[in-house]
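Q:
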Amino acid sequence: MLELQRNVIFGQFVDTGSPVHRLDVRIKLVATALLVVASFLVDGFLGFALLFPLLVVLQLVSRVPFGYVARGSSFFLFFLGIILVFQVFFYPGEAPQSSVLWQWGFLSISTEGLRFAAILGLRVLLLYHTTTMLMLTTSLVDLTNGLELLFGPLQKLRVPVNELVLVGVISVKFVPIFISEVERLSRAYTARGVPFDEGGPITRARRLGRLLVPVFVGGFRRADLLTTAMDVRCYRGGRGRTKLRRMEAGLTDWLVLLMVVVWVLAAWKLPGLLIA
Amino acid sequence: MIEVDGVSFAYRGGESDAVHALRDLDIQIEPGRLVAVIGHNGSGKSTLVKLLTAVLYPTEGGIRVDGVPVRHETRWEIRSRVSVVFQDPDDQLVMNRVADDVAFGPENLGLPREEIAERVESALEAMGIADISEKIVDDLSLGQKQRTAIAGALAMRPRYLILDEPTSLLPAVAATRLIEAARELNRREGMGVIHVTHSMAEAALFDRVIVLDTGRLVMDGPPSEVFRRAEELREIGLDVPLAASLASRLRSHGIPLEGDILTDADLRKSVFALPRSAGDSG
Amino acid sequence: MTDLPEQAPLAELREFLYSYLEGTPRAVEAARGVSFEVRRGERVGIVGPTQSGKSTVVYALAHLLRLKEGQVFHEGEDVAAAGYDRAALRRSVGVVFQRPDFQILEDVVGKDVAFGPTAAGVPAKETRERVEESLEAVGLSYPEFRLRYVHALSGGQKRRVALAGVLAMRAPLIVLDEPMAGLDPRGRDELFGLFERLREQRNLTMVMCSSSLADASLLCDRLIVLEEGRVAMDAPVREVLAGADRLDALGIALPEPVALARELRKILPDLPTDLLTEEELEEALLERLGESRA
Amino acid sequence: MASGTGNERGSVTSFGTRQIVVAGVLGGIAVFLGATRLGFIPVPNLAGNATVMHVPAILGGALEGPIVGLLAGGIFGVFSFLQPEVPLFANPIIAIGPRLLIGVVAWAIFVGLRGISVDLAAAVSGVFGSLTNTVGVLGLAVVFGYLPPAAVVPIIPQAIAEAVLAAVVTVVVVRGVLLYRSGRTTAPEIEPDEEKRY
Chain C
411 MLELQRNVIF GQFVDTGSPV HRLDVRIKLV ATALLVVASF LVDGFLGFAL
461 LFPLLVVLQL VSRVPFGYVA RGSSFFLFFL GIILVFQVFF YPGEAPQSSV
511 LWQWGFLSIS TEGLRFAAIL GLRVLLLYHT TTMLMLTTSL VDLTNGLELL
561 FGPLQKLRVP VNELVLVGVI SVKFVPIFIS EVERLSRAYT ARGVPFDEGG
611 PITRARRLGR LLVPVFVGGF RRADLLTTAM DVRCYRGGRG RTKLRRMEAG
661 LTDWLVLLMV VVWVLAAWKL PGLLIA
Chain L
896 MIEVDGVSFA YRGGESDAVH ALRDLDIQIE PGRLVAVIGH NGSGKSTLVK
946 LLTAVLYPTE GGIRVDGVPV RHETRWEIRS RVSVVFQDPD DQLVMNRVAD
996 DVAFGPENLG LPREEIAERV ESALEAMGIA DISEKIVDDL SLGQKQRTAI
1046 AGALAMRPRY LILDEPTSLL PAVAATRLIE AARELNRREG MGVIHVTHSM
1096 AEAALFDRVI VLDTGRLVMD GPPSEVFRRA EELREIGLDV PLAASLASRL
1146 RSHGIPLEGD ILTDADLRKS VFALPRSAGD SG
Chain U
1373 MTDLPEQAPL AELREFLYSY LEGTPRAVEA ARGVSFEVRR GERVGIVGPT
1423 QSGKSTVVYA LAHLLRLKEG QVFHEGEDVA AAGYDRAALR RSVGVVFQRP
1473 DFQILEDVVG KDVAFGPTAA GVPAKETRER VEESLEAVGL SYPEFRLRYV
1523 HALSGGQKRR VALAGVLAMR APLIVLDEPM AGLDPRGRDE LFGLFERLRE
1573 QRNLTMVMCS SSLADASLLC DRLIVLEEGR VAMDAPVREV LAGADRLDAL
1623 GIALPEPVAL ARELRKILPD LPTDLLTEEE LEEALLERLG ESRA
Chain R
28 MASGTGNERG SVTSFGTRQI VVAGVLGGIA VFLGATRLGF IPVPNLAGNA
78 TVMHVPAILG GALEGPIVGL LAGGIFGVFS FLQPEVPLFA NPIIAIGPRL
128 LIGVVAWAIF VGLRGISVDL AAAVSGVFGS LTNTVGVLGL AVVFGYLPPA
178 AVVPIIPQAI AEAVLAAVVT VVVVRGVLLY RSGRTTAPEI EPDEEKRY
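Here it is in structure tokens:
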């Protein structure tokens, strides 16, 4: 039976009321962005070794159960593993002959390839964990308000920030609705003699195709209804809108940001200084 | 005052396969009244709702809300006076936290922050959901979601609130609570409520009942009058509240029940007022 | 149906437990030890307030949940046991879901009714016969409806199509999830008549869950009342209705005649509440008010 | 900007409430397909999976115009950057850039071919929308040095599978949506007598 919701953590908000949850969302967004940038800048095992304790701290302070995150990420991790193996075989750089450990045709394993794949894996893990934790600890409303505030100045350049953010809000709003729709559809298929979780890849692809059609057609119908509902609630685009929520970053928020900046700088620069 | 004057509406009007949803409709609704609109599926109820909120415009005839004609150019003005709640809350809630969704409408009006906060608070209070204002919409029951949707409409401070079959997906207990809340709003704030439904028991709780059948107005009056025409209602696929129909059966057996009987309590009072039974059972 | 008195019940739950979203922070316990049996030819209604586990129980009977061993039995056999042929079992249980939109899988009526038999490998000619027979059985004329687009049907018609699709599978047990929800009075009346006819003609075993006690009491012989994932009452319909006060305390909306009788008991304390129809209430009242006749 | 309300379908390039909502819903489908892993279909090759996550962007472009296609593709891109199912999507330029173009390409082709046959237009825009995604992502991956050009070869079967899947799903959904909008009530007889099941 399809139990989709059990395995989805994207877009879920786990409210434990921890200090991470209470941080000003703009600070959280900037800190996340810093860590994303760090995942590109840091280019050595030592740098990542310095950064990963920050993730452990984040996980512990947020009080989001680690088991939940791990289980929800199992598919992702499994897939990442496969891709990394692929990366080793197809190492794009020039590996000196001395470092090649195994070779067959154009497939090869070299120490350079292994190192490249490992760094890539660490990079993706860092990125994945930070953005996942951002979503698990921040409600969608805060997230969107934060994005609107951060990018607000662009509105002066006629960038429709409010509208773009609303597109994202509606996307995320519909994810659980589609999940429950597809769970119902899959129950109906199963009950009518066509179970989803059985059969080879081609059968499954065909069944997926059948499943998608009602989702899309239903999606267009729902879009019509929601458009009407927003119209009658006087939505006329982002201009002239005001906001219920106000945000004020306090001292703690700035201190947290400072800590992240220092930590990222350390992970980026320290390894080089140590070697020098 | 809502004035519907000789209104007809056809989907794909003018084409050979046009569907006539409303035909030559005349209705006046005074402000501050509790009006139920009943009719089975396809009677034109939903089309009427769309016309009153400037989502569709009449093919013939005209509609005025508080003197403002409903036209494309006046749609924002109309929508600030008339709010509507639809059947399925999943298709109308925009934001994913209760308070923020309720604030969506007032935010669109560009109101100052303090006023939005005050409106949100009083709307949540009125629907009895102040305690879940910070909850995520996904985690709510259908009844709570529907209350959130109504609070969102209330926060627009409309003169008229239209409820377009909001109870049809709800279990009976939740539906009753919703109707109670709507009546309370009407009593306290004088807001007009137009409730579209096919539940006769719900309609019996309103001041006035309008019955539509295949796009025409077939009955219009206080519930006591409308439900007296039980046979005609059954003919167009609607039924009458049990207390009303039972009272007329008992009367036909010669039991002298007094007064208008629409609800269970009405019947109890009338039975209690009977000379003998009162004495029998103390 | 009971030529073998010792025959195992058609379906049975024993101490059935189930949680949704197990292993996540949002896990919800839906069934906390539900036991009951369904015998051949019976019509059983499962009622209870929202979140009482009604749908979960219905899905368990239809084998649509990840089941644990020793909890759900079909004709005496454990359906979660290794090696049990669940695919064959699903063909012998028909499910009618709450919203036909999620049950009807094809865009054309006839094609949808043919979906189940086709998936089960029934030959084309027999499928066509079954489609005709099932559509007629639910009161939809075969020549008129077989090529109709599903999206252009009314709610009541869609429900009939869903039911026809299940009948076409010729399953001995039919499970219904909220069969009446969202229909207007005309649609409900039609569907009531239809179920009555099916009961007379086919002797189907039916299990349905409903948040409307009124619908369930008219459609079923026996009611199981759930409260927070446990069985609170399990008895013939009238016996359950007699306990109107208890049902009300559970937060279940009473059928109109029962609610009215309960209101009238304030002045007529001996008025019974195990009433199914307006006529029964009328009779009971006339008996007590007869002397007040003018 | 704020033009076009509820039931008016504004011009294809307008950006009103309807465009916002449809793009949001389609983006939601892409995210749903990714977050539930339903959108990945195992294909026998090294990379493991073909995806249909780009189909919403194609449909947005074909049925609602380039703006909706662009926005729906953008949501898909942001999602695959946040949940990089392949490490190279950890680079936002690769994850988001090509995805913005999927719907635009699909729109241009659909509008161009619609006059000939709607089914053909849908199928071709499905194929080219899909190829926009594959070629864009792989091209940038080679440019950024994530992959040697040789590594592209084993991905070809996956690219073909994705293009075919996208074409099939696009045709079926476009038919379904246009049918729903047409308000027609009865289907034409299609199957020959001996195979007729209903």
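Protein chains in written order, with my numbering: chain C, 411 to 686; chain L, 896 to 1177; chain U, 1373 to 1666; chain R, 28 to 225.
Every residue gets a Cβ at the ideal spot worked out from N, C-alpha and C, and that includes glycine.
Predicted, not measured: the structure shown is a model, and the values here were computed from it.
Can you give, in chain order, each stretch of the alpha helix (DSSP H) that sits fully within the segment 1526-1578 of chain U and has at least 4 residues?
A: 1527-1539, 1557-1574
Q: Quick one, which residues of the segment 1139-1157 of chain L are near chain U if we go by CB-CB under 8 Å, in chain order?
A: Ser-1140, Leu-1141, Arg-1144, Leu-1145, His-1148, Gly-1149, Ile-1150, Pro-1151
Q: Buried or exposed: U:Met-1552, going by 16 or more other Cβ atoms within 10 Å of its Cβ?
A: buried
Q: Since C:Ala-639 meets chain L, which of its residues come closer than 7 Å, beta carbon to beta carbon?
A: Phe-981, Asp-986, Gln-987
Q: Report the residues of the segment 1026-1051 of chain L with a CB closer than 7 Å to any CB of chain U, ordered along the chain.
A: If the cut-off is 7 Å between Cβ atoms, the segment 1026-1051 of chain L has Ser-1036 near chain U.
Q: State the beta-bridge partners of U:Cys-1367 as determined by DSSP.
A: Because chain U spans 1373 through 1666 in this model, residue 1367 of chain U falls outside it and cannot be assessed.
Q: If we count the other Cβ atoms within 10 Å of its Cβ and call it buried at 16 or more, is R:Asn-160 buried or exposed?
A: buried
Q: What is the residue span of the alpha helix (DSSP H) that C:Ser-428 lies within?
A: First-last for C:Ser-428: undefined, no H or E at that position.
Q: Measure the C-alpha to C-alpha separation of R:Ala-29 and R:Arg-211 and round it to an integer number of angstroms.
A: With a pLDDT of 36 at R:Ala-29, under the threshold of 50, the modelled position of this residue cannot be trusted; read the value that follows with caution. Looking at the two C-alpha atoms, the distance is approximately 32 Å.
Q: To which residues of the same chain is L:Gly-1177 closer than 8 Å at the C-beta, ignoring the five residues directly before and after it?
A: At L:Gly-1177, the pLDDT of 38 sits below 50, so the modelled position is not reliable and the matter cannot be decided from this model.
Q: Taking 8 Å as the CB-CB limit, is U:Pro-1544 close to chain C?
A: Output row for U:Pro-1544: interface = no.
Q: What is the DSSP secondary structure of U:Asp-1620, reduced to helix, strand or coil?
A: helix
Q: Report yes or no: do the segment 1088-1101 of chain L and the segment 1011-1024 of chain L share at least 3 C-beta pairs separated by less than 8 Å?
A: no
Q: Applying the 10 Å Cβ sphere with the 16-neighbour rule, what's the burial state of L:Leu-1157?
A: buried
Q: Report the option in U:Val-1416, U:Cys-1581, U:Lys-1483 whose CA atom is closest to the CA atom of U:Thr-1349.
A: A query on residue 1349 of chain U cannot be resolved here, the shown segment of chain U reaching from 1373 to 1666 and no further.
Q: Count the other CB atoms within 10 Å of the CB of U:Glu-1384; is the residue buried (16 or more) or exposed (fewer)?
A: buried
Q: Check the Cβ of R:Pro-111 against every Cβ in chain C and list those closer than 7 Å, keeping chain order.
A: Val-534, Leu-537, Tyr-538
Q: Mind pulling the alpha helix (DSSP H) runs of 4 or more residues that sit fully within the segment 1384-1449 of chain U?
A: 1426-1433
Q: Report yes or no: do three or more beta-carbon pairs, one from the segment 1117-1127 of chain L and one from the segment 942-959 of chain L, lie closer than 8 Å?
A: Cβ pair count under 8 Å is below three, so no.
Q: Grab me the residues of L:Ile-922's own chain with a C-beta within less than 6 Å of its C-beta, minus the 5 sequence neighbours each way, in chain order.
A: Val-899
Q: C:Gly-603 versus chain U: which residues are under 7 Å apart at the beta carbon?
A: Arg-1462, Arg-1463, Gly-1488, Ala-1491, Ala-1492
Q: So R:Phe-103 and R:Ala-149 are in contact, right, with Cβ under 8 Å, and what is the actual spacing, rounded?
A: Wrong, their Cβ atoms sit about 19 Å apart, outside the cutoff.
Q: Answer yes or no: does any C-beta atom of chain U fall closer than 8 Å to that of C:Val-571?
A: no
Q: Could you please tell me which residues of the segment 1395-1429 of chain U, in chain order, have their CB closer than 7 Å to any CB of chain C?
A: Gly-1395, Thr-1396, Pro-1397
Q: Over what stretch of residues does the beta strand (DSSP E) that includes L:Arg-918 continue unbroken?
A: 914-924
Q: Going by other Cβ atoms of all chains shown within 10 Å of its Cβ, with 16 needed for buried, is U:Ala-1638 buried or exposed?
A: The residue you asked about is not Ala; residue 1638 of chain U is Lys in the sequence shown. Label assigned to U:Lys-1638: exposed.
Q: Return helix, strand or coil for U:Val-1510, following the three-state DSSP convention.
A: coil
Q: Taking Cβ-Cβ distances shorter than 8 Å, what residues in chain U pair up with C:Leu-595?
A: Phe-1474, Leu-1477
Q: Candidates C:Val-623, C:Val-498, C:Leu-414, C:Gly-427: which alpha carbon is nearest C:Gly-482's?
A: Relative to the Cα of C:Gly-482, the nearest Cα in the group C:Val-623, C:Val-498, C:Leu-414, C:Gly-427 belongs to C:Leu-414.
Q: In the DSSP assignment, find the unbroken beta strand (DSSP E) run with C:Gln-513 in it and report its ends.
A: According to the DSSP assignment, C:Gln-513 belongs to the beta strand (DSSP E) that extends over 510-514.
Q: L:Asp-1115 bridges to which residues according to DSSP?
A: Per DSSP, L:Ile-1105.
Q: What is the DSSP secondary structure of U:Arg-1520, reduced to helix, strand or coil?
A: strand
Q: Taking DSSP as the reference, what is the three-state secondary structure of L:Ala-1166?
A: One point to set straight first is that residue 1166 of chain L is Val, not Ala, in the sequence displayed. In the structure shown, L:Val-1166 sits in a helix (DSSP, three-state: H, G or I).
Q: Hey, quick one: how far does the alpha helix (DSSP H) through L:Phe-958 stretch, first residue to last?
A: As written in the sequence, residue 958 of chain L is Ile, which differs from the Phe given in the question. Where L:Ile-958 is concerned, there is no enclosing alpha helix (DSSP H), although the beta strand (DSSP E) it sits in stretches over 955-960.
Q: Identify the residues that DSSP records as bridge partners of L:Asp-995: which are they?
A: None, per the DSSP bridge assignment.
Q: For L:Asp-1059, list the residues DSSP reports as bridge partners.
A: L:Val-1091
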